[in-house]
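*Asks:*
There are 2 protein chains.
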Amino acid sequence: MGAKRTKARPGEGEKLRDEILSAADALLGEAGTDEALTLRAVARRTGVSTPSVYAHFPSRDALLEAVCLRVWDELAHRMREHAVEVADPMRALSRCARVYARFALDHPVQYRVLLMRPSGGSSPGAVACFQYLADATATCVRAGILHGEPEVLAMGLWSAMHGCVSLLIAQPGFGWPEESEALIDTVIRMAGLGTALACRVPRDAIPPSAVLAEDLDGVTAGWAVRAGRTG
Amino acid sequence: MGAKRTKARPGEGEKLRDEILSAADALLGEAGTDEALTLRAVARRTGVSTPSVYAHFPSRDALLEAVCLRVWDELAHRMREHAVEVADPMRALSRCARVYARFALDHPVQYRVLLMRPSGGSSPGAVACFQYLADATATCVRAGILHGEPEVLAMGLWSAMHGCVSLLIAQPGFGWPEESEALIDTVIRMAGLGTALACRVPRDAIPPSAVLAEDLDGVTAGWAVRAGRTG
DNA sequence: ATCGTCAAGTTGACGGTGTCAAGTCAATGC
DNA sequence: GCATTGACTTGACACCGTCAACTTGACGAT
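One line per chain: the protein sequences are A and B, in this order.
Position one of the first sequence corresponds to residue 2 (this note's numbering), numbered consecutively onward.
Position one of the second sequence corresponds to residue 2 (this note's numbering), numbered consecutively onward.
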């Protein structure tokens, strides 16, 4: 809309900031790429001249980051919503990871901008993403289920989850399983069980295959029964 | 260098293509960002006019992809070099994953361009990366150490490894362990062991924490001895 | 030896981009 | 009523990818 705007009164400059963010958000949503977020496009859509954006954001990148961070509130909300009433810490962690993946795939553009781009320092989006997983991991450690430094374990889990969703986002043409949920499930199970194991066996690499296969067969025979009963 | 070029003779047009690729490679290396790869900069450095690049590459993106794919030969070479003479399939897989991570961190710009960007189809770089891990995984399956669909297991492993290195690349300011090798080790152990376990326990989620902790304690007590002896 | 041909490169331009310096203009405080 | 000030605009700069049209120069054939 190129409709005329009545100039805001002194003190109401903040209102334009929100309008700019909304216009930017709409652009991202419609185009599905951050390349569509042009200062000129944003300005045109807000009904304002291009350099006016600079009154509220120091650069295009700052605007891009700000508009992408907006949806992070939703991540916080989903995390809170799904974390309650899950007594078992390991199941809570798995739930947390699933919410994480779902959030990333629901907001691929924003996730890509904040987590898959060279960011000078550490992006606030990344810190938030990690924190939720780290909290759930720490709970497992406190409960005696996982052993080791919670932060390191959480980084491992985060890596697995991020790798999964970022590949799904960046390489949609790869021959993934028809349902991306299947891959996410696999990664969650793998990362969860792997973390549980990796923090118990000694640090010097993966045990030899013979040992691995033999011991695992014993363990999983038991699990096959129990998990079937209680799941 | 703006030095004059003697125009190539007919049939020697391919030579310019290589010079362009080299110039582009140097630009990426010096700047550490693909944003420095400007058609004008490439042309200037090659001693040629800007549109001449279009005789060999249909677009800037095509040139960028081509120059990044160049280092993939090195990945192939490293894989072949390190894969030989590792008899234990599980150790070979772990070795393969380590080489993968090392390669990615040694070529962050190229890795980012080919794997961390929205690519219409599936990028050849991604396919290659996956293939090496998939081969090593398939060997483990054939050896009876891992069970399940090799492709799915490999995707899980790939996710974990890619997540690890892509976060290290894109979020260098995050509070990672001082030595990135430590994180890589953790992820490899975690992903490897997790894959070994996840393809054995039934599909319906992670076992309840009580079961998990109890069984794992039994397993890992044995491993602590054996792995210490044979590692 | 000269000419036509044709590949190889160049010139110049177009529309688009982020960004900045200077100017405009209405509402406010005195 | 006037100066001030914040909000916004105008106009420009340098750069970008890309394309159409033009020039150049080496070659084979005559």
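Think of the CB as a built atom: it goes at the ideal place given N, C-alpha and C, for glycine as much as any other residue.
1) Determine, using beta carbons only, whether A:S210 comes closer than 7 Å to chain B.
2) Determine, using beta carbons only, whether A:M281 comes closer than 7 Å to chain B.
3) Express the C-alpha separation of B:Y112 and B:V220 in angstroms, rounding to a whole number.
4) Would B:Q172 pass as an interface residue toward chain A - the criterion being a Cβ-Cβ separation below 7 Å?
5) Could you check where the alpha helix (DSSP H) with B:W177 kicks off and where it finishes?
6) Determine the direct distance from the alpha carbon of B:Y133 to that of B:A309, and round the result to whole angstroms.
7) Would you mind working out which of A:E66, A:W224, A:P119 sits nearest B:D205, comparing C-alpha positions?
8) What would DSSP say about B:L28, mapped onto helix, strand or coil?
9) Going straight from the alpha carbon of A:P151 to that of B:P178, what length do you get?
10) Assign B:E66 to one of two classes, buried (16 or more other C-beta atoms within 10 Å of its C-beta) or exposed (fewer than that).
11) From the beta carbon of A:I207, is the nearest beta carbon of chain B less than 7 Å away?
12) Using a C-beta cutoff of 7 Å, does B:R46 count as contacting chain A?
13) CA-CA distance, A:P173 and B:G122?
14) Do you know how far the Cα of A:L40 is from the Cα of A:L194?
15) Among the candidates A:A222, A:D218, A:R227, A:I207, whose CA atom is the shortest distance from the CA of B:R227?
16) In chain B, what lies closer than 9 Å to A:R227 by C-beta?
17) Need the endpoints of the alpha helix (DSSP H) that B:C97 sits in, please.
18) List the whole-angstrom C-beta distance separating B:L28 from B:A44, where the pair is believed to meet the contact cut-off of C-beta under 8 Å.
19) Hey, is A:F58's beta-carbon within less than 7 Å of any beta-carbon in chain B?
20) Compare the C-beta of A:R190 with all C-beta atoms of chain B and state if any pair is closer than 7 Å.
21) Can you give me the start and stop residues for the alpha helix (DSSP H) that A:H163 sits inside?
22) Establish whether the CB of B:T221 and some CB of chain A are separated by less than 7 Å.
23) Where does the unbroken alpha helix (DSSP H) through B:R46 begin, and where does it stop?
24) By the criterion of Cβ-Cβ separation under 7 Å, what are the contact partners of B:S181 in chain A?
25) Just by C-beta distance, which residues in the stretch 10-35 of chain A are closer than 9 Å to chain B?
26) Tell me which residues of the stretch 88-107 of chain A have at least one Cβ-Cβ distance to chain B shorter than 7 Å, keeping chain order.
27) Of the residues A:V166, A:R143, A:G164, A:I21, which one's Cα is nearest the Cα of A:D233?
28) Compute the beta-carbon to beta-carbon distance between B:R201 and B:H163, rounded to the nearest angstrom, for a pair I have assumed lies under 8 Å.
29) Sorted by chain position, which residues of the same chain lie with C-beta nearer than 7 Å to B:M80's C-beta, five sequence neighbours on each side aside?
30) Any idea what DSSP makes of B:S50, helix, strand or coil?
31) Kindly indicate the opening and closing residues of the alpha helix (DSSP H) around B:D35.
32) With H, G and I counted as helix, E and B as strand and the rest as coil, what does DSSP make of A:G223?
33) Does the separation of the CB atoms of A:T187 and A:L154 fall below 7 Å?
34) Once the 5 residues before and after A:L184 are set aside, which same chain residues still bring their CB inside 8 Å of it?
35) List, in chain order, every chain A residue whose beta-carbon is nearer than 9 Å to that of B:H163.
*Replies:* Once the coordinates are examined:
1) Along the first sequence, one-based indexing puts residue 210 of chain A at 209. Closer than 7 Å: yes.
2) Here chain A covers residues 2 to 232 and nothing more, so residue 281 of chain A does not appear.
3) Mapped onto the second sequence, residue 220 of chain B falls at position 219. Mapped onto the second sequence, residue 112 of chain B falls at position 111. When rounded, the distance between both Cα atoms is 38 Å.
4) Here the question's residue 172 of chain B lines up with position 171 in the second sequence. For B:Q172, the answer is yes, since a Cβ of chain A falls inside 7 Å of its Cβ.
5) Indexing the second sequence from 1 puts residue 177 of chain B at position 176. Under the DSSP assignment, B:W177 falls outside any alpha helix (DSSP H); it carries neither an H nor an E label.
6) Chain B is shown only over 2 to 232; residue 309 of chain B falls outside these bounds and no answer can be derived.
7) For the purposes of this step, residue 205 of chain B is taken as residue 204 along the second sequence, with counting starting at 1. Nearest Cα to B:D205 within the set A:E66, A:W224, A:P119: A:W224.
8) Here residue 28 of chain B corresponds to residue number 27 of the second sequence, with the count starting at 1. Note: B:L28 maps to helix in three-state DSSP.
9) As a first step, residue 151 of chain A is located in the first sequence; it is residue number 150 there, counting from the start. As a first step, residue 178 of chain B is located in the second sequence; it is residue number 177 there, counting from the start. The straight-line gap separating the alpha-carbon atoms of A:P151 and B:P178 is approximately 13 Å.
10) In the second sequence, counting from the first residue as 1, residue 66 of chain B sits at position 65. By the neighbour-count rule (16 or more Cβ atoms within 10 Å), B:E66 is buried.
11) In the first sequence, residue 207 of chain A corresponds to position 206, counting from 1. Yes, A:I207 lies at the interface with chain B (some Cβ there is under 7 Å from its Cβ).
12) By 1-based counting over the second sequence, the position of residue 46 of chain B is 45. So no, B:R46 is outside the interface.
13) Translated into positions along the first sequence, residue 173 of chain A becomes position 172. Translated into positions along the second sequence, residue 122 of chain B becomes position 121. Using only the alpha carbons, I get a separation of about 7 Å.
14) Counting from one through the first sequence, the residue named residue 194 of chain A turns up at place 193. Counting from one through the first sequence, the residue named residue 40 of chain A turns up at place 39. Cα to Cα, A:L194 sits roughly 47 Å from A:L40.
15) Taking the first residue of the second sequence as position 1, residue 227 of chain B is located at position 226. Residue A:I207 is the option with its Cα nearest to B:R227.
16) Along the first sequence, one-based indexing puts residue 227 of chain A at 226. By Cβ distance, chain B contributes P208, P209, V212, D216.
17) Locating residue 97 of chain B in the second sequence gives position 96, counting from the first residue. Per DSSP, B:C97 belongs to the alpha helix (DSSP H) from 90-107.
18) If you number the second sequence from 1, residue 28 of chain B lands on position 27. If you number the second sequence from 1, residue 44 of chain B lands on position 43. With 8 Å as the limit, B:L28 and B:A44 do not qualify as a contact, their Cβ atoms being about 11 Å apart.
19) To locate residue 58 of chain A, count along the first sequence from 1; it is residue 57. No - not a single Cβ of chain B is within 7 Å of the one on A:F58.
20) Sequence index remark: in the first sequence, residue 190 of chain A carries index 189 (1-based). It does: the Cβ of A:R190 has a partner Cβ on chain B nearer than 7 Å.
21) As a working note, residue 163 of chain A is residue 162 in the first sequence. Element bounds for A:H163: 151-171.
22) Your numbering for residue 221 of chain B matches position 220 in the second sequence. Yes, its Cβ sits closer than 7 Å to a Cβ of chain A.
23) To locate residue 46 of chain B, count along the second sequence from 1; it is residue 45. Taken as a continuous stretch (DSSP letters only), the alpha helix (DSSP H) holding B:R46 covers 40-47.
24) One-based indexing of the second sequence puts residue 181 of chain B at position 180. Those do not exist, as B:S181 stays about 11 Å from chain A at its closest Cβ, beyond 7 Å.
25) G33, T34
26) D89, P90, M91, R92, S95
27) Residue 233 of chain A falls outside the range modelled here, since chain A spans only 2 to 232, and no answer is possible.
28) For the purposes of this step, residue 201 of chain B is taken as the residue at position 200 of the second sequence. For the purposes of this step, residue 163 of chain B is taken as the residue at position 162 of the second sequence. Rounded, the Cβ-Cβ distance is 24 Å, inconsistent with contact.
29) The residue you call residue 80 of chain B lines up with position 79 of the second sequence. Exclusion of the five residues before and after B:M80 leaves C97, V100, Y133 as the residues of its chain whose Cβ lies within less than 7 Å of its Cβ.
30) Counting from one through the second sequence, the residue named residue 50 of chain B turns up at place 49. It is coil, neither helix nor strand.
31) On the second sequence, position 34 is the one that residue 35 of chain B refers to. It is not in any alpha helix (DSSP H) - B:D35 carries neither H nor E in the DSSP assignment.
32) Counting from 1 along the first sequence, the entry for residue 223 of chain A is found at position 222. Three-state DSSP puts A:G223 in a helix.
33) Here residue 187 of chain A corresponds to residue number 186 of the first sequence, with the count starting at 1. Here residue 154 of chain A corresponds to residue number 153 of the first sequence, with the count starting at 1. No, they are not a contact pair.
34) Taking the first residue of the first sequence as 1, we reach residue 184 of chain A at position 183. C165, L169, W177, P178.
35) The count along the second sequence starts at 1 and reaches residue 163 of chain B at position 162. Within 9 Å Cβ-Cβ: S160, H163, G164, C165, S167, L168.
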